[in-house]
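Peer 1: Quick one: structure below, then a few questions.
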Amino acid sequence: MSIIIAVDGTAASGKGTLAKRLAQHFGFAHLDSGSLYRLVALGVTEAHGDPASEADALAAARALDPARRYDPAIRSRAMGNVASVVSAFPAVRATLLAFQRDFAARPPGGLKGSVIDGRDIGTIVCPDATAKLFVDAAPGVRARRRWLELSAAGAAPPESAILADIEARDARDRNRPVAPLKPAPDARLLDTSDLDIDAAFAAALALVEPSVENALKALAKG
Ligand code: DC
211 MSIIIAVDGT AASGKGTLAK RLAQHFGFAH LDSGSLYRLV ALGVTEAHGD PASEADALAA
271 ARALDPARRY DPAIRSRAMG NVASVVSAFP AVRATLLAFQ RDFAARPPGG LKGSVIDGRD
331 IGTIVCPDAT AKLFVDAAPG VRARRRWLEL SAAGAAPPES AILADIEARD ARDRNRPVAP
391 LKPAPDARLL DTSDLDIDAA FAAALALVEP SVENALKALA KG
């Protein structure tokens, strides 16, 4: 039995950063499940396919190489938007499920647990996760943070364009019939609108630590 922390949340809510820090804190493996959907988006784009075509998206999902998930090409705004479109196809989601569940069941490196972030980790991928977080922040706050990040990295689109992307993506992710973005009934909610990253991490840790510590003790007892 391995320990699983599910971190779901809205676009640009900071869930990825929190998941990474939680993984470092506990010495667990980290999987950004959004990177898999972004790889499907990249695959469709590279094949000059149509992201609105289920057949094209499915072909990219079947050909996906998860080892490419650190490819910087998937981090663009365009890939985020296309990922949100291809992720609505049930067959694409079904194709990516086995990799995610296998990662959770057998974290790489023989680690005791994993932290997986996404949209449906607590609801569909790992409904029996040890601890579940749902991270959100006001759309304007998320747009501002993303704009500051992009500005620091070089060129940023106007903040209003980032806000429009975020709102469109959330609406699409929330309203799809299969595995929509929503908190699992037993997820702990974390609104980071008024928190900086250190305060958000402290709050996230306080929410998941009791269940994770219990699970670690149970593992140690065998
Ligand atoms: O977390 P992200 O912004 O990298 O995700 C990109 C898109 O992928 C997101 O808009 C919806 C989709 N996604 C999903 O449907 N399910 C997940 N578990 C993770 C991401």
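With our numbering, letter number 34 in the sequence shown gets 244, and the count goes up by one each step, no holes. Here a beta-carbon is modelled for each residue, glycine too, at the ideal position from N, C-alpha and C.
(1) Our contact map puts Leu228 next to Leu246 with C-beta atoms below 8 Å; I'd like the distance itself, whole angstroms only.
(2) Would you say Arg355 touches the ligand DC, meaning its beta carbon is less than 7 Å from a heavy atom?
(3) What residue range does the alpha helix (DSSP H) around Arg386 cover?
(4) Return yes when the Cβ of Arg352 is within less than 8 Å of the Cβ of Ser449, no when it is not.
(5) May I ask which residues mark the beginning and end of the alpha helix (DSSP H) holding Arg398?
(6) Could you check where the alpha helix (DSSP H) with Leu307 kicks off and where it finishes?
(7) Shorter than 7 Å, the distance from the beta carbon of Gly328 to the closest heavy atom of the ligand DC, or not?
(8) With distance defined between alpha-carbon atoms, name the residue in Ile334, Ile215 and His258 nearest to Gly237.
Peer 2: From the atom records:
(1) Actually they are not in contact, since the Cβ atoms of Leu228 and Leu246 sit about 19 Å apart, beyond 8 Å.
(2) no
(3) Note, Arg386: premise wrong, no alpha helix (DSSP H); not H, not E.
(4) In the structure displayed, the chain extends from 211 to 432; residue 449 sits before or after that span and is not available.
(5) Counting along the chain, Arg398 falls outside any alpha helix (DSSP H), though it belongs to the beta strand (DSSP E) covering Arg398 to Asp401.
(6) Pro300 to Ala315
(7) yes
(8) Ile215
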